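Just so you know, this note's numbering puts 264 at position 41 of the sequence shown, and the rest follows in order with no gaps.
Where is the CB? At the ideal position from N, CA and C, for every residue including glycine.
Fair warning: this is a prediction, and the values are worked out from it, not measured in the lab.
What follows is one structure encoded as structure tokens, with my remarks underneath.
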Amino acid sequence: MSTSIDMGTVSSRGQIAIPSSMRSQLGLEDGSKVLFLLENETLLMRKVNSETFTELTKPLRKAKKKIKEADVNKLIHRMRR
Numbered sequence: 224m225s226t227s228i229d230m231g232t233v234s235s236r237g238q239i240a241i242p243s244s245m246r247s248q249l250g251l252e253d254g255s256k257v258l259f260l261l262e263n264e265t266l267l268m269r270k271v272n273s274e275t276f277t278e279l280t281k282p283l284r285k286a287k288k289k290i291k292e293a294d295v296n297k298l299i300h301r302m303r304r
């Protein structure tokens with residue numbers, strides 16, 4: 224897939240229209256799921272389907288197995304510091 228650049232505008236309700244050419248390239252249709260990743264001042268959006276969702280969440284499922292529910296509060300407080 225080639226690189227595309229386009230601009231959008233955020234509405235008062237926080238909605239952004241994805242340019243139609245990009246929706247077509249990604250095969251995004253009404254009801255398609257997307258994942259947002261915010262890092263510093265960069266927001267990335269990625270199309271998600273059941274296969275990519277499984278792959279993207281694999282590290283989270285592995286981490287879940289290592290953390291006990293009783294340790295969650297301690298971990299949250301430690302990460303906030």
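Between the alpha carbons of residue i and residue j, how many angstroms are there, rounded?
i	j	result
Asn263	Pro242	24 Å
Ser234	Ala240	9 Å
Asn306	Met245	Coverage of the chain is limited to positions 224 through 304, which leaves residue 306 absent and any answer about it impossible.
Arg169	Glu274	Past the boundaries of the shown model lies residue 169; the chain is included only from 224 to 304, so the question cannot be answered.
Val257	Leu267	10 Å
Between which two residues does the beta strand (DSSP E) holding residue i run?
i	result
Arg269	Thr265 to Val271
Lys291	Element bounds for Lys291: n/a, residue is neither H nor E.
Leu260	Lys256 to Glu262
Just tell me which of the options has its CA closest to the CA of residue i.
i	options	result
Leu251	Thr232, Lys281, Arg269 and Phe276	Arg269
Thr226	Pro282, Phe259 and Leu249	Leu249
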